[in-house]
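Numbering (the UniProt record's numbering), first residue to last: 1 to 682. Where a beta carbon is used, it is the ideal one built from N, C-alpha and C, also for glycine.
Take a look at the structure:
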């Protein structure tokens, strides 16, 4: 079953969750949740009391005590069911990943060449640094980096996407994942991890709910719930001597029912499920979070660093104009630009070839007939080109071409500087073309800002999140695109050092920073960021530096990650508000029922006009159990999230879950009381 198709209440998951609910009834498990442990102890005590009353060794209403005990057991079971169902969804996701792992053999090369002698060895025997050959139809036996070759790889087992991806040596697409299948051609791969340490192994461990540790906020909330439980435990314990003072002692059964209804059982029973479900929702978005802490941090982020290309813009810049230098006609510039782009397989390079063809009917030349040598683009030179006999044509960034021209004894015309600035001011990216020592002109590449991205940034701004665009473009180009996209700030001509310094600057101001990255040069910044989403298509260094991995390699996923993180925090806060608020109604049910005989004035609190003390107490206990089961879908799916400021979200939660928590129990307890009365059960 696909992770994305995993239903909220799949019948197989419900069956397993019901079984696990009973398995979790042991005190060793219950002790980890102090609030529900108190309920568990109350269940044991009332059960023992009911048995003692039935065999006559203790005076009291055995049926009433048994009914209270039964519903307390239901309360514990419902809380166990919520946790087991959340864990079951994650375990189902983990099992689907385990299905990807297959015992296989690998061709271990004796040298890092495609045609080197190979030994057939079990994949489990491979070690870090080993070199393997993988051909069409083979399963890649280990995580690693491609040393040689290029191939189409099916990664659907981990991403859920059927479209194959290209993996090749060099660049940021050289990382491969063990367990994926090669569809065509061949790859020589150097294993980067030992068996048991692969990305797939880590993914399985990450989504196994049993491995999940509590986050700082969850620990803090647990401490608060424990403190409230202790306070109510002490308060309830002191009520017994007060009742005796009035002459009518309150039974242990009633005091246990009162304690269970007053402590925050609702949020106590759902707290773990909320955390597990948050990680599960992240995985449903095809993002692997290394811990619940990472998901929680995503909810607290207030600065987003976003790459321009592929995130804010469509990523494929298109050539839009040829702007010739003085004394050069446009067709000459277009011809040179097309020649320099014949071997350029990037979308930008292809668009230059197409634009020259459209403007001047310049057809692509046969590369073999040109007897040319091509100069590939590198990050160091930041230019590419072609050498045809005596002609030396280059295209690249302004600074790179300036250095190239000056090194060949030429000079960079000020008129071309003006053209470059004009392209940059309009939001385009200028590429300069030169032949030998002569600058021929500028190619204007236009970045296309994604539709709707400005509105999304406006929503983030409402949430108090600052957006910062990161780009290698010059400041003029960056400023134009930033204005069009609606980001709050930008970092132009970004280097790894500049990204790292910017993150540290924001963190020094007390802000939490999130960013995405896919290259080795992004690793330092990813390691520094509070929420670091590495692209699965990126390098091993980037994936190891991040605390999340986006299996879809979609840079815009960062916005969704923040959304899911905030939704988890909001769900926890909303249900905590509801849990504390709905205790109020129980005061009006149980306290008059328990103590009105001793203090008749307390009858004034019986505003619901419940049928009898026994009916009031039993109705409150039943409601206390049933409300957990009704809130399980909300805990697993998450509270509906809207991009609002913290103050607006607080007001919204108080109105919906605070006021709702006050009103719903009055209606629910009264309805249960009427049903018990009609059925003659009290």
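Exposed or buried, residue i, counting other C-beta atoms within 10 Å across all chains shown (16 or more means buried)?
i           : result
residue 504 : exposed
residue 188 : buried
residue 210 : Below a pLDDT of 50, predicted positions are generally treated as unreliable, and residue 210, at 38, falls in that range; the measurement from the model is reported next regardless. Residue 210 should be labelled exposed.
residue 22  : exposed
residue 655 : exposed
residue 429 : buried
residue 685 : Missing from the structure shown is residue 685; the chain here goes from 1 to 682 and no further.
residue 546 : buried
residue 218 : buried
residue 386 : buried
residue 647 : exposed
residue 717 : The structure shown does not extend to residue 717, since the chain spans only 1 to 682, so no value can be given for it.
residue 630 : exposed
residue 15  : exposed
residue 679 : exposed
residue 624 : buried
residue 668 : buried
residue 166 : exposed
residue 584 : exposed
residue 80  : buried
If I measure Cβ to Cβ from residue i and keep anything under 6 angstroms in the same chain, skipping five residues before and after, which residues do I get?
i           : result
residue 657 : 574, 577, 578
residue 463 : 643
residue 42  : 72, 256, 260
residue 268 : 35, 36, 225
residue 278 : 295, 568
residue 673 : 610, 611, 615, 619
residue 565 : 295, 298, 299
residue 596 : 602, 603
residue 349 : 341
residue 103 : Unreliable placement is indicated for residue 103, whose pLDDT of 49 sits below 50; the coordinate value is still reported in the next sentence. Closer than 6 angstroms at the Cβ level, and outside the excluded window around residue 103, lies no residue.
residue 458 : none
residue 613 : 593
Ignore the nearest five residues each way along the sequence and tell me which others in residue i's own chain have a CB closer than 7 angstroms to its CB.
i           : result
residue 511 : 302, 303
residue 434 : 394, 401, 404, 405, 440
residue 421 : 476
residue 263 : 35, 38, 228, 229, 232
residue 184 : 136, 151, 152
residue 47  : 69
residue 328 : 440, 441
Per DSSP, residue i forms a beta bridge with which residues?
i           : result
residue 149 : 187
residue 394 : 385, 434
residue 318 : 446
residue 586 : In the DSSP output, where bridge partners are listed per residue, residue 586 has none listed.
residue 108 : 119, 132
residue 324 : 441
residue 514 : 304, 531
residue 181 : 139, 154
residue 167 : 151
residue 144 : 176, 191
residue 372 : 388
residue 289 : 548
residue 309 : 313
residue 429 : 445
Please name the residue, chosen from the options, that lies closest to residue i on a Cα-to-Cα basis.
i           : options            : result
residue 456 : 359, 563, 446      : 563
residue 521 : 182, 513, 499      : 499
residue 30  : 340, 272, 142      : 272
residue 110 : 131, 127, 121, 122 : 131
residue 558 : 587, 544, 526, 580 : 526
residue 619 : 288, 529, 34, 670  : 670
residue 569 : 290, 300, 12       : 300
residue 726 : 76, 141, 501       : The structure shown does not extend to residue 726, since the chain is modelled only from 1 through 682, so no value can be given for it.
residue 514 : 555, 427, 601      : 555
residue 382 : 374, 20, 396       : 396
residue 363 : 483, 312, 331      : 331
residue 127 : 66, 194, 88        : 194
residue 486 : 494, 450, 496, 517 : 450
residue 694 : 472, 281, 170, 107 : Any answer about residue 694 is impossible in this case: the structure gives the chain only from 1 up to 682.
residue 446 : 62, 587, 309       : 309
Does chain D have any CB closer than 8 angstroms to the CB of residue i?
i           : result
residue 399 : No chain D appears in this structure, which consists of one protein chain only.
Tell me which residues share the same chain as residue i and place their Cβ nearer than 8 angstroms to its Cβ, disregarding the 5 neighbours each side in the sequence.
i           : result
residue 659 : 581
residue 635 : 82, 86, 270, 273, 274, 277, 571, 575
For the segment 536-624, which segments carrying the alpha helix (DSSP H) assignment without a break, of at least 4 residues, lie completely within its bounds, in sequence order? 540-545, 557-595
What ranges does the alpha helix (DSSP H) occupy inside the segment 455-503, keeping only unbroken runs of at least 4 residues that lie completely in it? 475-485
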